[in-house]
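What follows is a single structure, written as structure tokens, with notes after it.
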Amino acid sequence: MKGDEHVIRAVNAAEVAPTTYAWEIRADGLRVKAGRRMAVDGVDLSLGAGVHGLLGPNGAGKTTLIRALATVLRPAGGELELLGASVGGRTEQRRLRRQIGYLPQDFGFYKRFTVREFIEYMAWLKEVSKKDIPAAVQRAIERIGLADRADDRMKTLSGGMIRRAGIAQAIVNDPQILLLDEPTAGLDPAQRLRFRELLRELGSDTCVVVSTHLVEDVAVACTDVMLMGEGKLVFRGTPAELEAAGGAGDAGDSPIERGYTALLARQQPDRGSW
Amino acid sequence: MVIRTELRRSAAPWAAVLIVGIAAVLLFAFSGPWWKGGGAWNREWTGLARWERNTLVLLWPFAVGVGALQGLRDHRSGMAELLTTTPRPRWRRTAQTAGAMAIAMAVGYLVIFAIGAVQVAGNASYFHWGWTPVLLVGMLSLIGAAWLGMGIACLVPSVLTPPLLAVGALAVAMVTRISPDGGSSLSGSVPDRIAWLSPVQDGPDEAFTSVTGSMNLAQGLWFLAIAVTGFLLLAATRVATKLLAVVPMLVGAAVALPLLPATAAQVQEVDQGAVALVCAEGTPRVCVTNVHKEFLETLVQPAREALALLAKVPGAPTSVEEATTGQPLYGRRPVVPGVVQIDFDDFDLASGERTTTDPDRLRRYLVAGVGTPTCYGRMEMDENYMSLRAASAVSAAALTGELKPLSGSSSAYFRNELETLARPAWESFRVLPAAEQIARLSAMRVAAETCRGGTLEILTNGVAR
Amino acid sequence: MRWFVLYARSRGVPLALAAILLSTTAFWALATLDGAPDQALSVLVLVAGTAFAAAGLAGQDVALDRIAAIRWPPRRAAHVLAIAVVVGSALLFLQNWGDPLSPAGVVLRDTFGLTGLTALGAALCGGQYAWTFPIGWFAFSLGVPMDTEVLSQVAGWLWQPPGTPAATAAALVLGIGGTLVYAACGNRR
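Residue numbers (my numbering), protein chains in the order written: chain A, 156 to 429; chain B, 2 to 466; chain C, 515 to 703.
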């Protein structure tokens with residue numbers, strides 16, 4: 156990739172140190188509340204490096220799960236371990252958060268900042284060391300293809316560009332865990348192709364969790380798919396396994412869509428057509 | 002790096018510009034008391050620092066309002082969720098915004114001071130550092146106001162918060178402003194000490210006083226406490242910390258209130274460096290205060306001529322000194338035996354902003370009333386006022402040989418005074434024998450010095466009614 | 515009625531209304547307890563009322579408001595006039611007790627002019643910032659000399675005694691002008 160040819164990234168000690176954990180994300184009977192509702196109700200996970208697609212209908216608990224992984228919400232029960240550390244401890248949490256990149260579903264930003272200033276600001280908040288910030292910001296902006304708009308104000312960007320700026324801020328600290336909640340919403344087809352490529356690239360050494368409604372993104376870019384329904388994990392497997400779950404009789408225009416509807420229908424037989 | 006971004010992209014830059022703009026409009030577009038007398042904002046360093054505090058009546062509410070608008074940014078941008086997932090502690094992040102805001106407030110306030118300083122540097126001959134606490138306390142009060150606005154808006158992120166805070170701050174600033182004699186519009190209904198917690202102070206009308214140290218110290222602590230409370234509100238992540246944020250403000254008030262002066266008279270003190278007398282070489286003695294020493298050269302020649310004229314009258318003063326207090330609103334300043342006191346802000350010498358340098362007018366002023374001061378305070382006038390002024394004009398004419406108005410003002414009012422009262426008296430006086438003239442002037446001097454009245458009759462008839 | 519309630523809720527009217535009534539009462543109580551009514555407070559109370567109502571002039575989403583099929587201009591004008599009625603009548607009502615803060619003529623003139631000014635602010639800068647207009651003019655007019663110059667009377671229209679032609683004209687121009695501009699253009703995009 157173009158950016159990597161001339162930007163050489165400093166590798167810090169934490170990155171080269173041998174890992175002491177088996178999985179970047181490990182959850183055991185995880186329960187998380189969204190308001191009063193138990194939106195995630197007993198999820199077991201063990202995710203390592205790779206791109207993990209998170210699928211499911213509206214209200215299945217995808218966003219709540221991602222928010223818990225992003226340390227926004229505290230688990231109401233069960234166990235959640237990120238990078239080998241149990242979520243909850245104060246000092247641990249700060250160290251942990253340096254290694255997390257997060258794109259929320261409702262991505263807010265300071266309108267008057269330029270793209271570069273905004274990403275710099277986020278890099279600073281993620282405690283990227285001061286001397287690395289300019290290079291890290293430039294790399295993130297180039298990876299996401301916003302280099303030509305880097306010095307424009309955030310408020311002048313179109314919806315898709317804002318989404319890309321959101322992805323750029325999520326990857327600026329080279330996170331070990333990258334959580335993207337509907338990153339492809341608003342991206343044009345060409346950008347989505349580019350984004351899938353980026354996902355595959357990131358997945359080689361990072362644990363990426365992507366929540367999406369676009370099943371074809373999952374089929375192409377993900378190494379592994381999780382399907383959520385009503386707060387529980389309904390299915391976990393490769394995209395090929397998801398395709399295999401569907402038969403000709405299931406609703407959908409592609410094999411993977413048929414697999415998706417088939418699995419959900421099996422879990423919730425009485426669910427309506429929406 | 003982040004603070005640079007905040008300085009450019011937050012409300013800070015235009016807040017600084019507006020602070021300068023508002024203060025400049027207030028100071029330049031309107032002719033207020035800040036243009037008048039020796040304490041004017043463009044004349045002396047203390048006057049500048051103190052009159053700048055007067056602009057806080059608008060700047061302070063503005064700072065609260067603009068802080069509140071800035072404080073709403075996190076809420077409006079919808080970044081709250083993303084910000085909670087970042088490792089850097091909240092106080093480190095909010096410190097950047099608060100720092101940018103504080104820089105803007107300080108720079109805005111200093112630019113106004115600099116605009117005044119350019120004028121003062123050309124006018125003032127007495128330089129000292131006594132004004133710095135007044136300036137710093139004013140600056141601190143602006144920073145505190147902005148931080149408090151930011152903190153409260155963070156606590157209650159509603160679109161109504163900025164207008165509510167701005168209106169409240171404006172009402173508080175308007176009713177608590179401190180006048181130079183220490184009172185405020187709240188006097189009577191609220192203890193003075195509480196009103197003295199206000200940042201807004203009216204400036205002085207003379208150049209001889211400064212704000213007392215205890216007043217500056219107490220106010221400085223109080224505004225520091227406000228700033229700390231504002232910052233804690235801004236930086237707090239937990240409800241308990243937010244509740245605890247009021248503690249600094251309460252402590253600040255508890256410490257500041259006993260430190261504040263007990264009586265209105267203790268709000269300002271005589272600036273000894275300013276009132277020290279500087280005298281011309283030789284005799285007779287002609288002295289001005291240190292703060293007006295640049296005027297000595299202009300004064301010494303006409304003053305000695307005036308003393309030579311006065312010497313004809315037995316008992317007349319034999320030296321000239323500048324008065325070291327402003328003309329009081331009511332009553333007269335104490336008479337110093339043997340001394341003609343000159344007040345450069347007297348409206349006979351300074352009808353506009355500037356004291357006259359015309360030797361003839363200076364001489365006339367000094368010999369008027371045979372060197373006695375007026376009996377009337379600035380706010381006083383009764384039926385005898387005009388006859389006293391006419392008598393002064395006639396006595397000045399008797400010594401200089403020519404009847405001329407005392408005031409430089411050419412208003413019909415003063416011409417009338419001269420023509421209807423002084424002219425006939427002068428016509429009858431000038432034909433008297435020289436010995437009788439001197440006797441009447443001497444009698445008139447005694448009457449004027451004791452404020453007994455009837456001075457004009459003494460000149461025209463030889464005796465008071 | 516239902517439309518009215520929904521509209522009021524979407525514009526944050528209940529909270530603004532509470533703020534207006536509370537501040538009017540507070541200022542009135544302060545002025546009444548203080549003995550001689552302070553003229554500055556009697557004007558500031560109206561400034562505060564219109565400033566608190568300003569946020570309601572902005573909708574949740576300008577684009578969504580604009581594409582609505584209903585005719586906005588008369589409704590927007592009605593909103594502005596409703597602010598004037600509420601702010602003015604709140605003070606006039608309270609004035610029945612104790613010394614009046616200011617004559618009814620002044621209350622009517624100032625309220626109308628201030629509301630128009632606020633509406634103008636919403637059209638130019640958006641409802642979020644419209645409150646700065648009445649407060650700004652009020653603050654500015656604190657320094658305007660009280661003399662008989664027409665310019666001072668126009669700049670200080672808030673403070674003039676009832677029946678001053680220049681002040682009444684200034685209030686009418688601001689009131690009618692602001693209402694018309696806001697009715698025609700709506701909140702700033």
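Built from N, CA and C at the ideal position, the CB exists for glycine as well. Please read these numbers as outputs of a predicted model, since none were measured by experiment.
Discussion item. For residue 157 of chain A and residue 323 of chain A, what's the separation of their Cα atoms in angstroms?
Written reply: Your numbering for residue 157 of chain A matches position 2 in the first sequence. Your numbering for residue 323 of chain A matches position 168 in the first sequence. Reliability of the predicted coordinates at residue 157 of chain A is poor, the pLDDT of 43 falling under 50, and the value obtained from them is presented with this limitation in mind. The alpha-carbon atoms of residue 157 of chain A and residue 323 of chain A are separated by roughly 16 Å.
Item to complete: Would you verify that the beta carbon of residue 649 of chain C is, or is not, closer than 8 Å to some beta carbon of chain B?
Response: Position 135 of the third sequence holds residue 649 of chain C. Answer yes: the Cβ-Cβ gap between residue 649 of chain C and chain B drops below 8 Å somewhere.
Worksheet item: Measuring CA to CA, which of A:367, A:318, A:266 is closest to residue 346 of chain A?
Response: In the first sequence, residue 346 of chain A corresponds to position 191, counting from 1. Residue 346 of chain A has its Cα closest to that of A:318, out of A:367, A:318, A:266.
Discussion item. Quick check: what's the CA-CA separation for residue 470 of chain B versus residue 219 of chain A?
Written reply: Residue 470 of chain B cannot be examined here, being either before or after the span of chain B that is shown, 2 to 466.
Practice prompt. Report the rounded CA-to-CA distance for residue 231 of chain A versus residue 186 of chain A, giving the unit in angstroms.
Written response: Position 76 of the first sequence, counted from the start, is the residue given in the question as residue 231 of chain A. Position 31 of the first sequence, counted from the start, is the residue given in the question as residue 186 of chain A. A direct Cα-to-Cα measurement between residue 231 of chain A and residue 186 of chain A gives close to 5 Å.
Discussion item. Check for me: the alpha helix (DSSP H) holding residue 306 of chain B runs from which residue to which?
Written reply: Indexing the second sequence from 1 puts residue 306 of chain B at position 305. It spans 297-311 - the alpha helix (DSSP H) in which residue 306 of chain B sits, taken as one unbroken run.
Discussion item. In the DSSP output, which residue or residues are listed as bridge partners for residue 677 of chain C?
Written reply: One-based indexing of the third sequence puts residue 677 of chain C at position 163. According to DSSP, residue 677 of chain C bridges with nothing at all.
Practice prompt. Determine contact between the segment 371-387 of chain B and the segment 311-329 of chain B, defined as no fewer than three beta-carbon pairs at a distance below 8 Å.
Written response: Result yes; three or more Cβ-Cβ pairs closer than 8 Å.
Practice prompt. Tell me, please, whether the segment 274-289 of chain B touches the segment 239-252 of chain B by the rule of three or more beta-carbon pairs shorter than 8 Å.
Written response: They do not touch, by the three-pair rule.
Practice prompt. Could you spell out the range, first to last residue, of the alpha helix (DSSP H) harbouring residue 189 of chain A?
Written response: Counted from its first residue, the first sequence places residue 189 of chain A at position 34. Residue range 180-189 is occupied by the beta strand (DSSP E) that includes residue 189 of chain A, with no alpha helix (DSSP H) assigned at that position.
Discussion item. Could you tell me the alpha carbon to alpha carbon distance between residue 424 of chain B and residue 454 of chain B, rounded to whole angstroms?
Written reply: For the purposes of this step, residue 424 of chain B is identified with residue 423 of the second sequence, where counting begins at 1. For the purposes of this step, residue 454 of chain B is identified with residue 453 of the second sequence, where counting begins at 1. Residue 424 of chain B and residue 454 of chain B: Cα-Cα distance of roughly 19 Å.
Worksheet item: For residue 623 of chain C versus residue 562 of chain C, is the C-beta distance shorter than 8 Å?
Response: Residue mapping note: residue 623 of chain C aligns to position 109 of the third sequence, counting from 1. Residue mapping note: residue 562 of chain C aligns to position 48 of the third sequence, counting from 1. Going by beta carbons, residue 623 of chain C and residue 562 of chain C fall outside the 8 Å limit.
Worksheet item: Is the CB-CB distance between residue 49 of chain B and residue 112 of chain B below 8 Å?
Response: The residue labelled residue 49 of chain B in the question sits at position 48 within the second sequence. The residue labelled residue 112 of chain B in the question sits at position 111 within the second sequence. Not in contact: residue 49 of chain B and residue 112 of chain B (Cβ atoms no closer than 8 Å).
Worksheet item: Which one or two residues does DSSP pair with residue 255 of chain A in a beta bridge?
Response: Mapped onto the first sequence, residue 255 of chain A falls at position 100. DSSP output for residue 255 of chain A lists A:332 as bridge partner(s).
Practice prompt. Give me the Cβ distance between residue 402 of chain A and residue 416 of chain A, rounded to the nearest whole Å; I'm assuming they're in contact under 8 Å.
Written response: Translated into the one-based positions of the first sequence, residue 402 of chain A becomes position 247. Translated into the one-based positions of the first sequence, residue 416 of chain A becomes position 261. Going by Cβ atoms, the distance from residue 402 of chain A to residue 416 of chain A rounds to 10 Å, so no, they are not a contact pair.
Worksheet item: Under the DSSP definition of a beta bridge, which residues are partnered with residue 280 of chain B?
Response: Here residue 280 of chain B refers to the residue found at position 279 of the second sequence. Assignment of beta-bridge partners to residue 280 of chain B by DSSP yields B:288.
Discussion item. Quick test of your reading: residue 334 of chain B and residue 258 of chain B, contact by CB under 8 Å. State the CB separation rounded to the nearest angstrom.
Written reply: The residue labelled residue 334 of chain B in the question sits at position 333 within the second sequence. The residue labelled residue 258 of chain B in the question sits at position 257 within the second sequence. The C-beta distance from residue 334 of chain B to residue 258 of chain B rounds to 33 Å, too long to fall under 8 Å, and the pair is not in contact.
Item to complete: Can you grab the Cα-Cα spacing for the pair residue 86 of chain B / residue 238 of chain A, in whole Å?
Response: By 1-based counting over the second sequence, the position of residue 86 of chain B is 85. By 1-based counting over the first sequence, the position of residue 238 of chain A is 83. Roughly 16 Å separates the two Cα atoms.
Worksheet item: Whose Cβ in chain B lies nearer than 7 Å to the Cβ of residue 227 of chain A?
Response: Here residue 227 of chain A refers to the residue found at position 72 when the first sequence is read from its first residue. Listed along the chain, the chain B residues whose CB falls inside 7 Å of the CB of residue 227 of chain A are 82, 85, 86.
Worksheet item: So, does the CB of residue 626 of chain C fall closer than 8 Å to a CB anywhere in chain B?
Response: As a position in the third sequence, residue 626 of chain C is number 112, starting the count at 1. Chain B contact via Cβ: absent.
Fill in: Same chain only: Cβ atoms within 8 Å of residue 496 of chain B, ignoring 5 sequence neighbours per side
Residue 496 of chain B falls outside the range modelled here, since chain B spans only 2 to 466, and no answer is possible.
Discussion item. Can you give me the C-alpha to C-alpha distance between residue 159 of chain A and residue 355 of chain A, rounded to a whole angstrom?
Written reply: Here residue 159 of chain A corresponds to residue number 4 of the first sequence, with the count starting at 1. Here residue 355 of chain A corresponds to residue number 200 of the first sequence, with the count starting at 1. Note that residue 159 of chain A scores 44 on pLDDT, short of 50, meaning its location in the model is unreliable; the coordinates nonetheless yield the value given after this. The C-alpha of residue 159 of chain A lies about 15 Å from the C-alpha of residue 355 of chain A.
Practice prompt. Report the partner residues of residue 210 of chain B according to the DSSP bridge assignment.
Written response: Here the question's residue 210 of chain B lines up with position 209 in the second sequence. B:271.
Worksheet item: Would a check of beta-carbon distances place residue 529 of chain C closer than 8 Å to chain B?
Response: In the third sequence, residue 529 of chain C corresponds to position 15, counting from 1. Nearest CB-CB separation between residue 529 of chain C and chain B: below the 8 Å threshold.
Worksheet item: Between the segment 67-87 of chain B and the segment 216-227 of chain B, are three or more C-beta pairs nearer than 8 Å?
Response: The segment 67-87 of chain B makes no contact with the segment 216-227 of chain B; the number of CB pairs closer than 8 Å stays below 3.
Fill in: residue 278 of chain B classed as buried or exposed, judged by whether at least 16 other C-beta atoms fall within 10 angstroms
Here residue 278 of chain B refers to the residue found at position 277 of the second sequence. Taking all protein chains shown into account, residue 278 of chain B has fewer than 16 neighbouring C-beta atoms within 10 Å of its C-beta and is therefore exposed.
Discussion item. Judging by CA-CA distance, which residue of B:320, B:347, B:116, B:331 is the nearest neighbour of residue 337 of chain B?
Written reply: Translated into positions along the second sequence, residue 337 of chain B becomes position 336. Of B:320, B:347, B:116, B:331, the smallest CA-CA separation from residue 337 of chain B is found for B:320.
Item to complete: For residue 429 of chain A, I'd like the list of residues in its chain whose CB is within less than 6 Å of its CB, leaving aside the five on either flank, ordered along the chain.
Response: Taking the first sequence and counting its residues from 1, one reaches residue 429 of chain A at position 274. Bear in mind that a pLDDT of 49 at residue 429 of chain A, under 50, signals an unreliable position, so the model cannot answer this.
Practice prompt. Leaving aside the five residues before and after residue 360 of chain B along the sequence, list all residues of the same chain whose C-beta is less than 7 Å from its C-beta, in chain order.
Written response: Against the second sequence, residue 360 of chain B aligns to sequence position 359. If we look at residue 360 of chain B and ignore the five residues flanking it on each side, its Cβ neighbours are 302, 303.
Discussion item. Using a Cβ-Cβ distance cut-off of 8 Å, determine whether residue 695 of chain C contacts chain B.
Written reply: Here residue 695 of chain C is taken as the residue at index 181 of the third sequence, counted from 1. Under the Cβ distance rule, residue 695 of chain C does not count among the residues neighbouring chain B, no pair being separated by less than 8 Å.
Item to complete: Look at the alpha carbon of residue 467 of chain B and the alpha carbon of residue 11 of chain B, and state the distance between them as a whole number of angstroms.
Response: There is simply no residue 467 of chain B to check, as chain B begins at 2 and stops at 466 in what is shown.
Practice prompt. Return helix, strand or coil for residue 67 of chain B, following the three-state DSSP convention.
Written response: For the purposes of this step, residue 67 of chain B is taken as residue 66 along the second sequence, with counting starting at 1. Reduced to three states, the DSSP call for residue 67 of chain B is helix.
Worksheet entry | Host alpha helix (DSSP H) of residue 581 of chain C (start-end) | Working through the third sequence from its first residue, we reach residue 581 of chain C at position 67. Segment: none, residue 581 of chain C is in no alpha helix (DSSP H) and carries neither H nor E.
Practice prompt. Scan the segment 600-652 of chain C and note each continuous beta strand (DSSP E) run of 3 residues or more that stays entirely inside, going in chain order.
Written response: The segment 600-652 of chain C contains no whole beta strand (DSSP E) run of 3 or more residues.
Fill in: Residue environment, residue 192 of chain A, which counts as buried when at least 16 other CB atoms sit within 10 Å
For the purposes of this step, residue 192 of chain A is taken as the residue at position 37 of the first sequence. Looking at its Cβ environment, which holds fewer than 16 other Cβ atoms inside 10 Å, residue 192 of chain A is exposed.
Item to complete: Determine the direct distance from the alpha carbon of residue 154 of chain B to that of residue 162 of chain B, and round the result to whole angstroms.
Response: Locating residue 162 of chain B in the second sequence gives position 161, where the first residue counts as 1. Locating residue 154 of chain B in the second sequence gives position 153, where the first residue counts as 1. Near 6 Å, if we compare the C-alpha coordinates of residue 154 of chain B and residue 162 of chain B.
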